[in-house]
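First residue of the sequence shown: 4, per this note's numbering; consecutive thereafter. All C-beta atoms, glycine included, are put in the ideal place defined by N, C-alpha and C.
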Amino acid sequence: MSDMPDGGWSFSGEKGWSLDPSQQERVRQVNIAAMARADELQKGSPTCALCGQRALELDEFGLCSKNRGEHKEWRDDALKAVSFR
4 MSDMPDGGWS FSGEKGWSLD PSQQERVRQV NIAAMARADE LQKGSPTCAL
54 CGQRALELDE FGLCSKNRGE HKEWRDDALK AVSFR
């Protein structure tokens, strides 16, 4: 943990939040550790057949919960294929 106030973050109304350069490596390491923990917790979760995103569960098409763009097209195409039978 940084001994700087607010962990080295400061707010400027013009630029928003900025990190003191001396704290960049510390913050990078904290983020790496957090992402590794998330990966470990999500190990074995199903992944979307289209985008590869991990999900708690997939729908009947093997897709995550996204419902726009390619995901919507995939579902629409699958429904059309089933209705032709």
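Could you compute how far the alpha carbon of E78 sits from the alpha carbon of G65? The amino acid at residue 78 is misidentified as Glu; the sequence shows Arg. Near 10 Å, if we compare the C-alpha coordinates of G65 and R78.
Ends of the alpha helix (DSSP H) at S99? Beyond the ends of the chain as shown, which are 4 and 88, falls residue 99; an answer cannot be given.
Runs of beta strand (DSSP E) wholly within the segment 8–76 (minimum 3 residues, chain order): For the segment 8–76, whole beta strand (DSSP E) runs of length 3 or above, ordered along the chain, are 12–15, 19–22.
Less than 8 Å between the CB atoms is what I'm expecting for P48 and R57, so what's the real figure, rounded? Looking at the sequence shown, residue 48 is not Pro but Ser. The C-beta distance from S48 to R57 rounds to 4 Å, short enough to meet the 8 Å contact threshold.
Closest residue to H74 among G55, L59, S86 (Cα-Cα distance): If we check each option's Cα against that of H74, G55 comes out closest.
Go through its chain and collect everything with a Cβ distance to W20's Cβ below 8 Å, but skip five positions before and after it. Excluding positions up to five away in sequence, the list reads W12, S13, F14.
Could you tell me the distance, in whole angstroms, from the CA atom of L61 to the CA atom of I35? Approximately 27 Å between the Cα atoms of the pair.
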